[in-house]
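Student:
Residue numbers (our numbering): 3 to 339.
#1: Going by the beta-carbon positions, is the gap between residue 77 and residue 42 smaller than 9 Å?
#2: Let's see if you can read the secondary structure: which residues bound the alpha helix (DSSP H) around residue 54?
#3: Per the DSSP calculation, residue 261 is bridged to which residue(s)?
#4: Could you check whether residue 310 and residue 178 sit closer than 9 Å to each other, using their CB atoms as the reference points?
#5: Can you tell me where the alpha helix (DSSP H) holding residue 299 begins and where it ends?
#6: Can you tell me which of the three DSSP states residue 344 falls into?
#7: For residue 91, which beta-bridge partners are listed by DSSP?
#8: Can you give me the Cβ contacts of residue 1 inside the same chain, cut-off strictly under 7 Å, excluding the 5 residues immediately before and after it?
#9: Is residue 98 helix, strand or coil by DSSP?
#10: Where residue 248 and residue 276 are concerned, what is the direct C-alpha to C-alpha distance, given to the nearest angstrom?
#11: Using 9 Å as the threshold, is the C-beta distance between residue 236 and residue 84 below it?
#12: I'd like to know if the region 208-223 and the region 125-138 are in contact, where contact means that at least 3 CB-CB pairs between them fall below 8 Å.
#13: Using the DSSP secondary-structure output, state which residues sit across from residue 276 in a beta bridge.
#14: If we ignore side chains and look at the alpha-carbon of each, how far apart do residue 261 and residue 267 end up?
#15: Which whole-angstrom value is the C-beta distance of residue 227 and residue 286, which I expect to be below 8 Å?
#16: Starting from residue 194, trace the alpha helix (DSSP H) in both directions and tell me its first and last residue.
#17: Determine the direct distance from the alpha carbon of residue 68 to that of residue 319, and round the result to whole angstroms.
#18: Contact check, residue 50 vs residue 229 under 8 Å by CB: the rounded distance?
#19: Given that a residue counts as buried once 16 or more other Cβ atoms are within 10 Å of its Cβ, and exposed if not, what is residue 127?
Printed below as a string of structure tokens:
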């Protein structure tokens with residue numbers, strides 16, 4: 003990928019893409035912050051991750067075994083990072099507006115309700131029932147140390163997401179469900195929830211229901227994924243150190259995946275939370291893009307996002323209807339003559 007200068011990007015309205023950290027340091031790090039403050043800001047994502055793990059490890063059983071705790075923790079993460087966007091903003095062009103906020107809030111609600119119900123009803127529960135009917139036993143998973151269970155939940159879920167995400171960029175029918183997510187023109191804390199419902203369902207499929215993990219470990223693992231994915235979409239001026247960014251996806255990695263440069267340039271950094279998978283499977287690319295979006299950066303309404311996969315069918319139907327109408331009109335004219 004060729005590097006674009008800041009002047010060329012501004013002139014052509016193209017995204018600024020950097021190979022390496024120089025551009026990031028210039029555009030994000032130079033805010034008059036001292037080295038101590040900058041280090042503290044960069045440590046916010048890993049610190050949030052540690053806080054989530056500690057919560058699930060040491061909170062009372064009455065809390066950790068309550069499914070609502072998982073929901074409350076997830077919402078807390080989202081709104082905490084939204085608050086950080088107000089105080090340590092990364093890009094002014096990504097500043098949250100009321101229109102963006104209400105759209106994001108709709109999708110957050112959709113994910114915790116309809117999408118969550120659909121995933122459980124049509125994927126997780128049938129898979130668990132199949133496992134029981136086949137007599138598959140994975141009680142050994144329950145005996146593993148808590149942190150190992152959490153790590154397995156994260157890796158198993160992300161493996162599914164990585165390959166589904168990659169398929170969506172390689173196969174046109176699947177891309178049509180994923181494309182609405184790439185039509186977002188700015189990145190914010192809740193943007194990871196935005197997309198066509200079909201894609202949101204497909205990207206949430208996993209084989210975790212096969213394993214008898216402790217439910218608290220599952221809650222913890224999914225909250226870890228929420229933390230990483232939220233920061234990976236957030237307008238937060240934080241560039242975590244290598245011990246975090248080598249394994250987990252950051253805003254730098256994911257903004258490049260959302261670049262408006264071209265569709266081909268988005269075919270990298272598929273890991274929603276584990277960028278390590280991209281490093282392993284050869285799809286990792288270094289850099290950052292400040293300008294994001296697809297198709298001349300057209301922002302889609304909620305209705306357009308829902309209908310996007312069916313555009314070609316709708317167009318064909320309208321064209322067919324117009325042909326029938328035209329034929330009818332011509333027939334009427336001929337009779338009149």
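Quick reminder that beta carbons are idealized off the backbone N, C-alpha and C, glycines included.
Tutor: Quick answer:
#1: no
#2: Unbroken alpha helix (DSSP H) run through residue 54: 46-60.
#3: As computed with DSSP, residue 261 is found in a beta bridge with 294.
#4: yes
#5: For residue 299, there is no enclosing alpha helix (DSSP H), since its DSSP letter is neither H nor E.
#6: Limits of the chain in this structure are 3 at one end and 339 at the other, which puts residue 344 out of reach.
#7: 238
#8: With the chain running from 3 to 339 in the structure shown, residue 1 is simply not present.
#9: In this structure, residue 98 counts as coil in the three-state DSSP scheme.
#10: 9 Å
#11: yes
#12: Segment contact: the region 208-223 against the region 125-138, three or more CB-CB distances shorter than 8 Å; contact assigned.
#13: Partner(s): 250.
#14: 7 Å
#15: Residue 227 to residue 286, Cβ: 19 Å. No contact.
#16: Note, residue 194: premise wrong, no alpha helix (DSSP H); not H, not E.
#17: 49 Å
#18: 5 Å
#19: exposed
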